[in-house]
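S.K.: Per our numbering, the sequence shown starts with residue 2, numbered consecutively.
Glycine included, each C-beta is placed from N, C-alpha and C at the ideal position.
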Amino acid sequence: MKQQILHLDLDTFFVSCERLIDSSLKFRPILVGGTGDRGVVAACSYETRKFGVHSGISMKVARRLCPEAVVIRGNAGTYTKYSKTVTEIIKNRVPVFEKASVDEFYADLSGMDKFFGSYKFASELRQTIIRETGLPISFGLSANKVVSKIATGEAKPNNQMRIDHGFEKPFLAPLSIRKIPSVGDKTYQVLRNLGIDKVKVVQEMPLEMMVSVLGENGRTIWRRALGIDNSPIIPYYERKSISTERTFGKDTIDMIKLRTTIFAMAENLAFQLRRGDKLTSCIAVKIRYSDFNTYTKQVKVPYTSADHVIIPKVLELFDKLYERRLLIRLVGVRFSSLVSGNYQINLFDDTEEMLRLYGAMDRIRNRFGEHSLQRAAAIGAGSIGRFTNPFNGEPPILLAHRNQ
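1) Taking DSSP as the reference, what is the three-state secondary structure of residue 39?
2) According to the neighbour-count rule (16 or more other Cβ atoms, all chains shown, within 10 Å of its Cβ), is residue 63 buried or exposed?
3) Which same chain residues, not among the five before or five after residue 259, have their C-beta less than 8 Å away from its C-beta?
4) Measuring straight from C-alpha to C-alpha, what distance separates residue 272 and residue 106?
5) Which residues bound the beta strand (DSSP E) around residue 105?
6) Does the distance from the C-beta atom of residue 9 to that of residue 135 stay below 8 Å?
7) Among 121, 340, 164, 207, which one has its Cα closest to the Cα of residue 235?
8) Taking the Cβ atom as the reference point for each residue, do residue 289 and residue 295 lie within a distance shorter than 8 Å?
9) Using a threshold of 8 Å, state whether the C-beta atoms of residue 306 and residue 327 are closer than that.
10) Exposed or buried, residue 140, counting other C-beta atoms within 10 Å across all chains shown (16 or more means buried)?
11) Take every Cβ of the stretch 168-178, pair it with every Cβ of the stretch 196-208, and state whether three or more of those distances are shorter than 8 Å.
12) Residues in its own chain within less than 6 Å of residue 311 by CB, not counting five upstream and five downstream?
13) Determine contact between the stretch 217-231 and the stretch 155-173, defined as no fewer than three beta-carbon pairs at a distance below 8 Å.
14) Using 8 Å for Cβ pairs, my map puts residue 32 next to residue 45. What's the rounded Cβ distance?
15) Helix, strand or coil: which one does DSSP assign to residue 379?
16) Quick one: what's got a C-beta closer than 7 Å to residue 100's C-beta in the same chain, skipping five residues either side?
17) Count the other CB atoms within 10 Å of the CB of residue 185; is the residue buried (16 or more) or exposed (fewer)?
18) I need the straight-line Cα distance from residue 157 to residue 151, nearest angstrom please.
19) Identify the residues that DSSP records as bridge partners of residue 161: which are they?
20) What distance in whole Å lies between the Cβ atoms of residue 11 and residue 138, which are believed to be in contact at a cut-off of 8 Å?
21) Classify residue 187 as helix, strand or coil using the three-state DSSP reduction.
22) Nearest-angstrom Cα distance between residue 159 and residue 302?
23) Can you tell me where the beta strand (DSSP E) with residue 8 in it begins and where it stops?
24) Going by alpha carbons, who is nearest to residue 3 out of 195, 264, 338, 167?
25) Between which two residues does the alpha helix (DSSP H) harbouring residue 120 extend?
26) From residue 308 to residue 82, what distance separates their C-alpha atoms?
27) For residue 255, report the span of its beta strand (DSSP E) as first-last.
28) If we call anything under 8 Å between Cβ atoms a contact, is residue 148 one with residue 169?
29) Excluding sequence positions up to five away, which residues of its chain have a Cβ less than 6 Å from the Cβ of residue 163?
30) Beta strand (DSSP E) containing residue 337: first to last residue?
31) Reducing DSSP to helix, strand and coil, say where residue 45 ends up.
32) Nearest-angstrom Cα distance between residue 53 and residue 28?
33) Rank 26, 57, 55 by C-alpha distance to the C-alpha of residue 73 and give the top, closest one.
34) Taking buried to mean at least 16 other C-beta atoms within 10 Å of its own C-beta, is residue 248 buried or exposed?
35) Within a Cβ cutoff of 6 Å, which residues of the same chain sit near residue 5, ignoring the five residues on either side of it in sequence?
36) Distance, Cα to Cα, residue 338 vs residue 23?
And the structure:
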């Protein structure tokens with residue numbers, strides 16, 4: 002049985018949602034993201050791209066490049082709602098699918114040719130999503146995830162493309178090497194310095210040469226250039242979660258100790274989300290009192306992995322939950338309704354400095370260990386009397402780097 006992998010991608014998702022809400026925005030250049038000069042572009046319409054605008058650049062630069070653009074702060078809650086609507090449509094029609102991000106999906110349609118026809122099924126699914134949500138969406142269909150994703154990019158905007166078995170290599174050959182997933186700016190520059198611009202050149206190169214220049218990443222790029230990819234569909238489950246708990250050696254009512262512990266738990270779990278390219282939309286806090294009665298509160302939030310969004314919510318839940326004023330035996334934090342996705346959903350409130358800060362913090366943690374870098378407010382977890390109360394107002398950005 003030949004494998005048939007479908008890749009679906011909602012076109013300029015945040016922009017499309019804004020146009021559903023306000024039809025006057027149709028065909029106008031739009032920037033979605035932080036509205037201040039230090040803000041970052043989370044999404045932009047196709048009309049802005051001819052001016053050199055793309056997601057991730059500073060809003061100040063984007064507005065200078067395209068002064069006619071309408072700037073919208075964005076509402077993560079709105080985008081989360083539309084994402085869940087599309088997810089439900091796919092879940093009701095496809096037996097196994099992967100939610101790669103808030104606006105991107107994979108589905109295994111292998112075997113459907115015998116009954117419906119994979120391409121016909123994919124076309125009808127796309128039309129159903131468009132009809133029921135009003136959102137434009139594109140798809141690529143091929144033998145594997147990489148080729149399907151590239152085909153979706155070539156099909157956009159609001160279109161579809163099928164690459165038949167055996168035609169992967171000629172389809173990829175004329176494309177820019179930048180179209181290959183895992184070719185970032187630095188890798189692209191290395192390849193350009195070697196005179197490599199098109200996928201066809203990589204297809205004709207010996208594997209050993211690619212490995213000698215780029216290491217194992219060279220092997221991956223070489224295989225993908227040939228249309229070879231064996232990565233599996235990771236089934237989407239609604240109830241995925243991560244959590245952590247701490248049982249105190251001695252029951253306590255020390256508020257500084259309790260809040261410091263909760264703070265540190267939230268900070269560490271948020272890092273785990275980012276390290277695993279995950280986002281959460283449900284945050285929960287648990288308390289077990291000395292009489293073993295256990296209570297939990299949770300709150301729904303727009304998809305996020307950001308400390309400055311998550312930590313205040315965790316502390317707020319703890320404050321609402323701690324009502325009995327008894328000694329506490331255990332505290333816990335849990336993030337659920339996880340989906341795969343990167344940090345983009347949080348860009349509406351962030352500055353370039355904030356994004357660089359998160360990147361620097363996570364690089365240090367990945368290199369030296371997850372506890373090597375913490376906000377000052379979290380370092381006292383498990384220690385009593387280390388701080389005066391550090392939790393007034395927003396969680397502080399003051400950092401401390403522990404020596405290894």
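M.R.: Inspection of the coordinates gives the following:
1) Numbered from its first residue, the sequence shown carries residue 39 at position 38. Of the three classes helix, strand and coil, the one that applies to residue 39 here is coil, per DSSP.
2) The residue you call residue 63 lines up with position 62 of the sequence shown. With 16 or more other Cβ atoms within 10 Å, it is buried.
3) Stepping through the sequence shown from its first residue, residue 259 is reached at position 258. The residues are 253, 319, 323, 329, 332.
4) Counting from 1 along the sequence shown, the entry for residue 272 is found at position 271. Counting from 1 along the sequence shown, the entry for residue 106 is found at position 105. Near 24 Å, if we compare the C-alpha coordinates of residue 106 and residue 272.
5) In the sequence shown, counting from the first residue as 1, residue 105 sits at position 104. It spans 105-109 - the beta strand (DSSP E) in which residue 105 sits, taken as one unbroken run.
6) As a first step, residue 9 is located in the sequence shown; it is residue number 8 there, counting from the start. As a first step, residue 135 is located in the sequence shown; it is residue number 134 there, counting from the start. Contact: no.
7) As a position in the sequence shown, residue 235 is number 234, starting the count at 1. Closest option to residue 235, Cα to Cα, is 340.
8) Locating residue 289 in the sequence shown gives position 288, counting from the first residue. Locating residue 295 in the sequence shown gives position 294, counting from the first residue. Contact: yes.
9) The residue you call residue 306 lines up with position 305 of the sequence shown. The residue you call residue 327 lines up with position 326 of the sequence shown. No, the pair does not count as a contact, with Cβ atoms beyond the cut-off.
10) In the sequence shown, residue 140 corresponds to position 139, counting from 1. It counts as buried.
11) yes
12) Here residue 311 refers to the residue found at position 310 of the sequence shown. Counting only Cβ-Cβ distances below 6 Å, and skipping sequence neighbours, we find 267, 271.
13) yes
14) Here residue 32 refers to the residue found at position 31 when the sequence shown is read from its first residue. Here residue 45 refers to the residue found at position 44 when the sequence shown is read from its first residue. Their Cβ separation, rounded to whole angstroms, is 5 Å, which keeps residue 32 and residue 45 in contact under 8 Å.
15) Taking the first residue of the sequence shown as 1, we reach residue 379 at position 378. Any answer about residue 379 is weak, because its pLDDT of 49 lies below 50 and its placement is not dependable; what the coordinates show is given next. Reduced to three states, the DSSP call for residue 379 is helix.
16) The residue given as residue 100 occupies position 99 in the sequence shown. If we look at residue 100 and ignore the five residues flanking it on each side, its Cβ neighbours are 88, 106, 237, 340, 341.
17) Taking the sequence shown and counting its residues from 1, the one referred to as residue 185 is at position 184. Exposed: under 16 other Cβ atoms inside 10 Å.
18) As a working note, residue 157 is residue 156 in the sequence shown. As a working note, residue 151 is residue 150 in the sequence shown. C-alpha separation (whole angstroms): 10 Å.
19) The residue you call residue 161 lines up with position 160 of the sequence shown. For residue 161, which the question treats as bridged, DSSP gives the partners 140.
20) Stepping through the sequence shown from its first residue, residue 138 is reached at position 137. Stepping through the sequence shown from its first residue, residue 11 is reached at position 10. Residue 138 to residue 11, Cβ: 5 Å. Contact.
21) Locating residue 187 in the sequence shown gives position 186, counting from the first residue. Helix at residue 187.
22) Start at 1 with the first residue of the sequence shown, and residue 159 comes out as number 158. Start at 1 with the first residue of the sequence shown, and residue 302 comes out as number 301. About 29 Å.
23) For this step, residue 8 is matched to residue 7 along the sequence shown. Residue 8 -> beta strand (DSSP E) spans 6-11.
24) The residue given as residue 3 occupies position 2 in the sequence shown. Closest by alpha carbon: 167.
25) For the purposes of this step, residue 120 is identified with residue 119 of the sequence shown, where counting begins at 1. First-last of the alpha helix (DSSP H) with residue 120: 119-134.
26) Along the sequence shown, one-based indexing puts residue 308 at 307. Along the sequence shown, one-based indexing puts residue 82 at 81. When rounded, the distance between both Cα atoms is 22 Å.
27) On the sequence shown, residue 255 is found 254 positions in, with the first residue counted as 1. Premise fails: residue 255 is in no beta strand (DSSP E) and is neither H nor E.
28) In the sequence shown, residue 148 corresponds to position 147, counting from 1. In the sequence shown, residue 169 corresponds to position 168, counting from 1. Taking 8 Å as the Cβ cut-off, residue 148 and residue 169 qualify as a contacting pair.
29) Sequence index remark: in the sequence shown, residue 163 carries index 162 (1-based). Cβ neighbours of residue 163 beyond the five flanking positions: 120, 142.
30) On the sequence shown, residue 337 is found 336 positions in, with the first residue counted as 1. Segment 329-337, the beta strand (DSSP E) holding residue 337.
31) Taking the sequence shown and counting its residues from 1, the one referred to as residue 45 is at position 44. Residue 45 falls in the strand class under three-state DSSP.
32) Here residue 53 corresponds to residue number 52 of the sequence shown, with the count starting at 1. Here residue 28 corresponds to residue number 27 of the sequence shown, with the count starting at 1. The straight-line gap from Cα to Cα measures roughly 17 Å.
33) Position 72 of the sequence shown holds residue 73. That would be 26, whose Cα lies nearest to the Cα of residue 73.
34) Numbered from 1 along the sequence shown, position 247 holds the residue referred to as residue 248. Flag for residue 248 reads exposed.
35) As a first step, residue 5 must be located in the sequence shown, where it is residue number 4. Once the five neighbours on either side are set aside, the close Cβ partners of residue 5 are 110, 111, 119.
36) Residue mapping note: residue 338 aligns to position 337 of the sequence shown, counting from 1. Residue mapping note: residue 23 aligns to position 22 of the sequence shown, counting from 1. Looking at the two C-alpha atoms, the distance is approximately 29 Å.
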